[in-house]
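S.K.:
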Amino acid sequence: MRVILFLFIILFCNNCALIVAKETVKAVDTILDEGPNPEKKKKILEKKKKKQDKAREFYCSKVNDEEKCG
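Heads up: the sequence shown begins at 33 in my numbering, then just goes up one per residue.
1) For a quick check, are the C-beta atoms of I63 and K72 less than 8 Å apart?
2) Helix, strand or coil, according to DSSP, for D167 in the structure here?
3) Distance check for K82 and C92, CA to CA, integer angstroms please.
Here it is in structure tokens:
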């Protein structure tokens with residue numbers, strides 16, 4: 033996830049946004065790796081899963097890909 037976000041920022045944003053995105057990615061990784069609050073970590077992971085499911089659903093509605101949409 034971190035690499036994809038980083039590449040997206042490099043391709044489509046200016047340098048200022050790149051620095052902000054880099055720090056955001058670091059903060060999210062820190063929260064997910066060593067967060068003292070397990071509920072917060074759980075909520076973040078649930079949001080991430082929901083976004084991935086929505087993205088997969090959108091992709092599968094547009095593309096007929098047996099392998100990914102099975």
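By construction, the Cβ of each residue, glycine as well, lies at the ideal position given by its N, Cα and C atoms.
M.R.: This is what the structure holds:
1) In this structure, K72 lies closer than 8 Å to I63 by Cβ.
2) Nothing can be reported for residue 167: it is not among the residues displayed for the chain, which extend from 33 to 102.
3) Between the C-alpha atoms of C92 and K82 there is a straight-line separation of about 15 Å.
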